[in-house]
Amino acid sequence: MRRIRAAVTEAPGAPFTVRDADLEDPRPHEVLVRMTAAGVCHTDLGMRDTWPRHLTPMVFGHEGAGRVEAVGTEVTGVVPGDHVCLTFASCGACEQCAAGHPAYCHAARARNFSGGRGDGTTPLSLDGAPLHAGFFGQSSFATHAVVHERGVVKVPSDLPAAVAAPLGCGGQTGAGTVLNRLRPEPGSSLVVLGAGGVGLSALMAAVAVGCDPVVAVDPVASRRALAIGLGAKAALPPRGRSDGGAARPHRRRRAPCRRDHRPSGDGPPGRRRAAPARRTRPPRPRR
Ligand SMILES: [Zn+2]
Ligand SMILES: [Zn+2]
Numbered sequence: 026m027r028r029i030r031a032a033v034t035e036a037p038g039a040p041f042t043v044r045d046a047d048l049e050d051p052r053p054h055e056v057l058v059r060m061t062a063a064g065v066c067h068t069d070l071g072m073r074d075t076w077p078r079h080l081t082p083m084v085f086g087h088e089g090a091g092r093v094e095a096v097g098t099e100v101t102g103v104v105p106g107d108h109v110c111l112t113f114a115s116c117g118a119c120e121q122c123a124a125g126h127p128a129y130c131h132a133a134r135a136r137n138f139s140g141g142r143g144d145g146t147t148p149l150s151l152d153g154a155p156l157h158a159g160f161f162g163q164s165s166f167a168t169h170a171v172v173h174e175r176g177v178v179k180v181p182s183d184l185p186a187a188v189a190a191p192l193g194c195g196g197q198t199g200a201g202t203v204l205n206r207l208r209p210e211p212g213s214s215l216v217v218l219g220a221g222g223v224g225l226s227a228l229m230a231a232v233a234v235g236c237d238p239v240v241a242v243d244p245v246a247s248r249r250a251l252a253i254g255l256g257a258k259a260a261l262p263p264r265g266r267s268d269g270g271a272a273r274p275h276r277r278r279r280a281p282c283r284r285d286h287r288p289s290g291d292g293p294p295g296r297r298r299a300a301p302a303r304r305t306r307p308p309r310p311r312r
């Protein structure tokens, strides 16, 4: 057992309150991670507002990254000191997990949204009473988390934690939509609606597999500029939307814009931080 700090939600819709809490040592297949970065996803805020009262107090957070501090006796994939990012929990035993589709795990609800491990226990306690955890298998709005080894992914030690963290939700949601579901042929076109973390991850995946053109649609000029920097041929505001005169389309060149695929990005601007930019070019003038 160790003393940690966590952003606790005391009741549905209540603010995040930083509290001292107690965290169990990892069980045989669990890993203790000291968090060094955590993204805030719209889902954290939406589910905080609608979370069942009987599963409060609760710790949210599901885009965590950090360093492994301790491992259970049966853990083989990581060792203390490893840099990791965290992702959702899955059982590893059902037919979906066995088929390589852990996102459709039959035990997904219990292991990600039951307020604990899925067996009725939670590794956290607050003043001696259960503090619910295990949100998307993580509850990363805390200094430390105990998570199942299946939700821990080792990352290079030189990958900044703030870049690794959003891979646990936004990054894989956007990229996975393109790579695993749409599976576009090289040369096919793709439109991304919403250039936040999810949308820009979809965009980067589409560029990586050779989609052409890739077009982003977003009301925020800075996001459109970022989309261009990440490889979009054009970035447009939604019809009828203007953001202070900056709604002029950003274009690399006139694109034919035949639309073969259209993943939808995330919600309103400001709810999710944009994906990190490796390089950002200023928009080119319209030709
Ligand atoms: Zn999320
Ligand atoms: Zn499963």
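Counted the way the working numbering counts, the sequence shown spans residues 26 to 312.
Beta carbons are placed, not taken as given, at the ideal position from N, Cα and C, and that holds for glycine.
Original post:
When burial is assigned at 16 or more other CB atoms within 10 Å of the CB, is residue 258 buried or exposed?
Top reply: Start at 1 with the first residue of the sequence shown, and residue 258 comes out as number 233. When all chains shown are included, residue 258 counts as buried.
**OP:** Tell me whether the beta-carbon of residue 26 lies closer than 8 Å to the beta-carbon of residue 49.
**Re:** The count along the sequence shown starts at 1 and reaches residue 26 at position 1. The count along the sequence shown starts at 1 and reaches residue 49 at position 24. Contact flag set, yes.
Original post:
How close, in whole Å, do the beta carbons of residue 218 and residue 242 come, if the pair is a contact with beta carbons under 8 Å?
Top reply: Residue mapping note: residue 218 aligns to position 193 of the sequence shown, counting from 1. Residue mapping note: residue 242 aligns to position 217 of the sequence shown, counting from 1. The Cβ separation is near 5 Å, so the contact holds.
**OP:** Counting only the same chain and skipping the five closest in sequence on each side, list residues whose C-beta sits under 8 Å from that of residue 42.
**Re:** In the sequence shown, the residue the question calls residue 42 occupies position 17. Excluding positions up to five away in sequence, the list reads 32, 33, 34, 35.
**OP:** Output the distance between the C-alpha atoms of residue 30 and residue 94, rounded to the nearest integer angstrom.
**Re:** As a first step, residue 30 is located in the sequence shown; it is residue number 5 there, counting from the start. As a first step, residue 94 is located in the sequence shown; it is residue number 69 there, counting from the start. Whole-angstrom Cα-Cα distance: 16 Å.
**OP:** Give me the Cα-Cα distance between residue 170 and residue 180, rounded to the nearest whole angstrom.
**Re:** The residue you call residue 170 lines up with position 145 of the sequence shown. The residue you call residue 180 lines up with position 155 of the sequence shown. Approximately 17 Å, taken between the alpha carbons.
**OP:** Grab the span of the beta strand (DSSP E) containing residue 74 for me, first residue to last.
**Re:** Residue numbering aside, residue 74 sits at position 49 when the sequence shown is read from its first letter. Residue 74 -> not in any beta strand (DSSP E); alpha helix (DSSP H) instead, spanning 67-75.
Subject >> Straight-line Cα distance separating residue 64 from residue 143 >> reply: Position 118 of the sequence shown, counting from 1, holds the residue named residue 143. Position 39 of the sequence shown, counting from 1, holds the residue named residue 64. Approximately 24 Å between the Cα atoms of the pair.
Original post:
Less than 8 Å separating the beta-carbons of residue 114 and residue 162?
Top reply: By 1-based counting over the sequence shown, the position of residue 114 is 89. By 1-based counting over the sequence shown, the position of residue 162 is 137. Contact: yes.
Subject >> Nearest-residue set for ligand 1, Cβ under 5 Å from any heavy atom >> reply: 66, 68, 194
Subject >> First through last residue of the alpha helix (DSSP H) which encompasses residue 64 >> reply: Here the question's residue 64 lines up with position 39 in the sequence shown. Neither: residue 64 is in no alpha helix (DSSP H) and is coded neither H nor E.
**OP:** Can you give me the start and stop residues for the alpha helix (DSSP H) that residue 224 sits inside?
**Re:** Residue 224 sits at position 199 when you count from the first residue of the sequence shown. Residue 224 -> alpha helix (DSSP H) spans 222-233.
Original post:
Using a Cβ-Cβ cut-off of 6 Å (strictly less than) and excluding sequence neighbours within five positions of residue 145, which residues of its own chain qualify?
Top reply: Counting from 1 along the sequence shown, the entry for residue 145 is found at position 120. There are no such residues.
Original post:
Is it the case that the Cβ atoms of residue 37 and residue 78 are separated by a distance below 8 Å?
Top reply: The sequence position of residue 37 within the sequence shown is 12, counting from 1. The sequence position of residue 78 within the sequence shown is 53, counting from 1. Yes, these two residues count as a Cβ contact at 8 Å.
Subject >> Under the three-state DSSP convention, the category residue 337 falls into >> reply: Because the chain here runs from 26 to 312, residue 337 falls outside it and cannot be looked at.
**OP:** Could you check if residue 262 is buried or exposed, using at least 16 other CB atoms within 10 Å of its CB as the buried criterion?
**Re:** In the sequence shown, counting from the first residue as 1, residue 262 sits at position 237. Buried: at least 16 other Cβ atoms inside 10 Å.
Subject >> Collapsed DSSP secondary structure at residue 251 in the structure displayed >> reply: In the sequence shown, the residue the question calls residue 251 occupies position 226. Residue 251: helix per DSSP, three-state reduction.
Subject >> Per DSSP, cross-strand counterpart(s) of residue 43 >> reply: For the purposes of this step, residue 43 is identified with residue 18 of the sequence shown, where counting begins at 1. According to DSSP, residue 43 bridges with 32.
Original post:
Is residue 190 near residue 99, with beta carbons less than 8 Å apart?
Top reply: In the sequence shown, the residue the question calls residue 190 occupies position 165. In the sequence shown, the residue the question calls residue 99 occupies position 74. No, the Cβ-Cβ distance between residue 190 and residue 99 is not below 8 Å.
**OP:** Please indicate yes or no: does the CB of residue 226 lie closer than 7 Å to some heavy atom of ligand 2?
**Re:** Translated into positions along the sequence shown, residue 226 becomes position 201. Not so, every heavy atom of ligand 2 lies at least 7 Å from the Cβ.
Original post:
Relative to ligand 2, is the shortest distance from any of its heavy atoms to the C-beta of residue 115 smaller than 7 Å?
Top reply: The sequence position of residue 115 within the sequence shown is 90, counting from 1. True, at least one ligand heavy atom lies under 7 Å from that Cβ.
**OP:** Report the three-state DSSP secondary structure of residue 110 (helix, strand or coil).
**Re:** If you number the sequence shown from 1, residue 110 lands on position 85. It is a strand residue.
Original post:
So residue 188 is in the beta strand (DSSP E); what residue range does that whole segment cover?
Top reply: Taking the sequence shown and counting its residues from 1, the one referred to as residue 188 is at position 163. Note, residue 188: premise wrong, no beta strand (DSSP E); alpha helix (DSSP H) at 186-189.
Subject >> Contacting residues, own chain, Cβ-Cβ under 7 Å from residue 66 (five flanking each side not counted) >> reply: Position 41 of the sequence shown, counting from 1, holds the residue named residue 66. So the qualifying residues of the chain are 87, 88, 194, 195, 297.
Original post:
Do the CB positions of residue 186 and residue 61 come within less than 8 Å of each other?
Top reply: Translated into the one-based positions of the sequence shown, residue 186 becomes position 161. Translated into the one-based positions of the sequence shown, residue 61 becomes position 36. In this structure, residue 61 lies closer than 8 Å to residue 186 by Cβ.
Original post:
Mapping DSSP to helix, strand and coil, what is residue 159?
Top reply: Position 134 of the sequence shown, counting from 1, holds the residue named residue 159. Of the three classes helix, strand and coil, the one that applies to residue 159 here is coil, per DSSP.
Subject >> Rounded separation between residue 211 and residue 203 - CA only >> reply: On the sequence shown, position 186 is the one that residue 211 refers to. On the sequence shown, position 178 is the one that residue 203 refers to. Distance between the alpha carbons of residue 211 and residue 203: 12 Å.
Subject >> Assumed close pair residue 109, residue 188 - CB separation to whole angstroms, cut-off 8 Å >> reply: To locate residue 109, count along the sequence shown from 1; it is residue 84. To locate residue 188, count along the sequence shown from 1; it is residue 163. Not a contact, Cβ separation roughly 13 Å.
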